[in-house]
Amino acid sequence: MAFTFFFRDEHLLNLIAKLVLPELTGFSRIKFWDAGCAMGPEPYSLAIVCAENMGKFAFRNICITATDIDESGEFGTVIREGRYRDEEVKRMPNEILGRYFTVDPTSGTFVIDQGIRDSVRYYQHDLLGLRPIGIGFHLILCKNVLLHFTPEERVEVIRMFHGALADGGYFCTEQTQKLPDELSHLFERVSEDGQLFRKKTP
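Residue numbers (our numbering): 248 to 449.
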């Protein structure tokens, strides 16, 4: 199983909270896609940031589609149950942990709040099929996935993401992953200290 943990990239989450979320509070439906979600800490971290920054009314409009190739076939069960071990949640601020998790006294695992769970929907999906899981996304997050692809595959996958974004939608990836030069005409970078890009409108 792929191991990850909550708030792994707090800097990028803060950029999303500062630059992306304020533009979306008036939308009746807000669509995010976390491509390469592993066992769920990343999309759930994003959901928590939304809940913290958007208020209850706007948060009800959030729908996070979480996908992974998941060759083990086990990620969906973990995400739906929303149970995580101490080492997966220990980087979270204590007040956030207390607000969105309860401790199962039998297993000692941390169980995520039902409202956060309800905002995330998991699907098994292969990015190299180059067929998006949907369209009209306001944000697509793809971290620690593209590095496993060839340069040519990266270009095609990001091009597919571009087509799946709503006009003016955002794409973000990890700090070490640069946008291929041949796609620079499709996006504008919106932050100098993070890999956060906005789809250019015609």
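We put the CB at the ideal spot given by N, CA and C, even for glycine.
Task: Reduced DSSP category for E421 - H, G, I as helix; E, B as strand; rest coil - done: Your numbering for residue 421 matches position 174 in the sequence shown. Assignment of E421 by DSSP, reduced to helix, strand and coil, places it in the coil class.
Task: Own chain, CB closer than 7 Å to V358, minus 5 neighbours either side, in chain order - done: Within the sequence shown, residue 358 is the residue found at index 111, counting from 1. Taken in chain order, the residues that qualify are G329, R330, F348, T349 and D351.
- [ ] Find the nearest neighbour of L393 within the set V402, H385 and L386, judged by alpha-carbon distance.
- [x] Locating residue 393 in the sequence shown gives position 146, where the first residue counts as 1. Here the closest residue by C-alpha is V402.
Open item on the list: Does any residue of chain C have a CB that is nearer than 8 Å to the CB of F348?
Closed with: Going by chain labels, chain C is absent from the structure shown, which holds only one protein chain.
- [ ] Taking all protein chains shown into account, decide if G416 is buried (16 or more other Cβ within 10 angstroms of its Cβ) or exposed.
- [x] Counting from one through the sequence shown, the residue named residue 416 turns up at place 169. Using a 10 angstroms sphere on the CB of G416, the tally of other CB atoms reaches 16 or more, which defines it as buried.
Open item on the list: In whole angstroms, give me the CA-to-CA distance for P288 and E335.
Closed with: Along the sequence shown, one-based indexing puts residue 288 at 41. Along the sequence shown, one-based indexing puts residue 335 at 88. Each residue's alpha carbon lies about 8 Å from the other.
Task: Contacts around P379, its chain only, beta-carbon distance under 7 Å, and the 5 residues preceding and following it disregarded - done: Here residue 379 corresponds to residue number 132 of the sequence shown, with the count starting at 1. Excluding residues within five positions, the ones whose Cβ falls inside 7 Å are M407, G410 and A411.
Open item on the list: With DSSP as the reference, identify every bridge partner of I359, one or two as the case may be.
Closed with: Here residue 359 is taken as the residue at index 112 of the sequence shown, counted from 1. Its beta-bridge partners are F348.
Open item on the list: My output table needs one value for E435: the three-state DSSP class, helix, strand or coil.
Closed with: By one-based count along the sequence shown, residue 435 stands at place 188. Residue state, collapsed to three classes: strand.
- [ ] May I ask which residues mark the beginning and end of the beta strand (DSSP E) holding C310?
- [x] Residue mapping note: residue 310 aligns to position 63 of the sequence shown, counting from 1. Taken as a continuous stretch (DSSP letters only), the beta strand (DSSP E) holding C310 covers I309 to D315.
Open item on the list: Going by the DSSP bridge assignment, what does I387 pair with across the sheet?
Closed with: For the purposes of this step, residue 387 is identified with residue 140 of the sequence shown, where counting begins at 1. Under the DSSP definition of a beta bridge, I387 partners with W280 and F418.
TODO: Look at the alpha carbon of L377 and the alpha carbon of V404, and state the distance between them as a whole number of angstroms.
DONE: Indexing the sequence shown from 1 puts residue 377 at position 130. Indexing the sequence shown from 1 puts residue 404 at position 157. Roughly 6 Å between the two C-alpha positions.
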